[in-house]
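To start, the structure under review is shown below, and the notes come after it.
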Amino acid sequence: MEKTIEKLEEEIKNLHYNPAVSKHSFSDADTKEFYNCFWDIHVKPVIKYSKQMARKYGADLSVVWLGALLHDIARLEDAELHDEIGSKKAYDLLIEKGFNQNLAEKTKNVVLRHRCRNFPPETLEEKIVASADAMAHFLPPFYFWIGKYSSSNFASILERNNKKIERDYHDKIFFDDEKKMIKEQYVLLKKWFNFKIQ
Ligand SMILES: [Fe+2]
Ligand SMILES: [Fe+2]
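Terminal number for the sequence shown in the working numbering: 300, no gaps in between.
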């Protein structure tokens with residue numbers, strides 16, 4: 103199973119490195135860079151954290167790994183409801199690639215519930231990927247990436263970031279240990295995003 107997932111991971115990585123879509127108001131070069139960075143500073147660490155937590159908490163590694171790999175797959179087409187759209191895409195893709203229906207079904211739910219908005223995580227595997235998704239947002243390059251490609255002004259970027267770290271830290275990290283690991287970063291980012299422009 104590990105080899106099959108590794109192969110799929112390589113394919114999904116290539117979709118981010120050579121995106122087939124063009125992003126609204128972006129040049130092709132910027133679209134490419136945008137998705138390259140998205141893979142390197144977001145999807146990749148989400149996979150890493152998810153796999154570590156799957157081993158630590160005794161979760162189903164295949165479900166967690168595939169869920170992490172595909173959790174933002176609908177971002178590649180700029181879908182706003184990327185949890186709902188992405189979960190269907192993930193399911194279809196896994197069936198097409200010959201994964202069994204049970205695994206495809208469980209992975210679909212991980213993708214659907216990773217945002218903890220309309221669909222809160224229920225299983226251990228769903229909670230792991232939702233937590234890993236939030237934890238990866240605390241890597242500082244993530245917010246440089248957001249800022250670089252945002253068309254909003256600096257004050258509103260800070261305000262939005264502030265809300266995001268609050269939600270990620272308080273509502274999306276389901277494990278005390280992982281919350282402790284992120285705390286220092288949370289406090290630092292919070293200070294930075296609370297900066298008031300004179
Ligand atoms: Fe997402
Ligand atoms: Fe994500």
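Even for Gly, the Cβ is constructed at its ideal location relative to N, Cα and C.
Just so we're clear, the structure is a prediction, and the values are computed from it rather than from any experiment.
Rounded separation between residue i and residue j - CA only
i, j, result
"Lys285", "Lys199", "39 Å"
"Arg269", "Ala232", "12 Å"
"Trp294", "Met237", "17 Å"
"Leu290", "Asp273", "18 Å"
"Lys281", "Ser252", "28 Å"
"Phe244", "Asp235", "11 Å"
"His118", "His184", "16 Å"
"Tyr288", "Phe297", "14 Å"
"Cys139", "Ala161", "29 Å"
"Phe201", "Val145", "21 Å"
"Ala156", "Pro121", "29 Å"
"Ser189", "Glu108", "20 Å"
"Glu261", "Gln203", "42 Å"
"Ser127", "Tyr137", "15 Å"
"Phe240", "Glu186", "24 Å"
"Val165", "Ile143", "22 Å"
"Ile230", "Trp141", "19 Å"
"Phe277", "Glu179", "31 Å"
"Thr133", "Glu227", "31 Å"
"Lys250", "Glu135", "11 Å"
"Lys191", "Lys150", "22 Å"
Closer than 7 Å: residue i CB and nearest ligand 1 heavy atom
i, result
"His184", "yes"
"Asp235", "yes"
"His239", "no"
"Arg217", "yes"
Contact test: residue i Cβ vs ligand 2 heavy atom, cutoff 7 Å
i, result
"Asp174", "yes"
"Val212", "no"
"His118", "no"
"Val148", "yes"
"His144", "yes"
Endpoints, the alpha helix (DSSP H) within which residue i is located
i, result
"Glu182", "No alpha helix (DSSP H) contains Glu182, which DSSP labels as neither H nor E."
"Lys274", "Taken as a continuous stretch (DSSP letters only), Lys274 belongs to no alpha helix (DSSP H), as it is neither H nor E."
"Lys199", "Looking at the DSSP string, Lys199 is not in any alpha helix (DSSP H), and its letter there is neither H nor E."
"Phe297", "Run containing Phe297: none; DSSP gives neither H nor E here."
"Pro243", "243 to 251"
Looking at C-beta atoms only, is the number of pairs between the segment 105 to 114 and the segment 206 to 226 that lie closer than 8 Å three or more? no
Give, in chain order, every unbroken run of the alpha helix (DSSP H) that is at least 4 residues long and sits entirely within the segment 202 to 229. 203 to 214
Is it true that the segment 188 to 203 meets the segment 160 to 177, where meeting means three or more beta-carbon pairs spaced less than 8 Å apart? yes
Pick out the complete alpha helix (DSSP H) segments inside the segment 115 to 184, 4 residues or longer, and give them in chain order. 130 to 140, 146 to 159, 163 to 172
Does the pairing of the segment 157 to 170 with the segment 207 to 218 give three or more beta-carbon distances under 8 Å? yes
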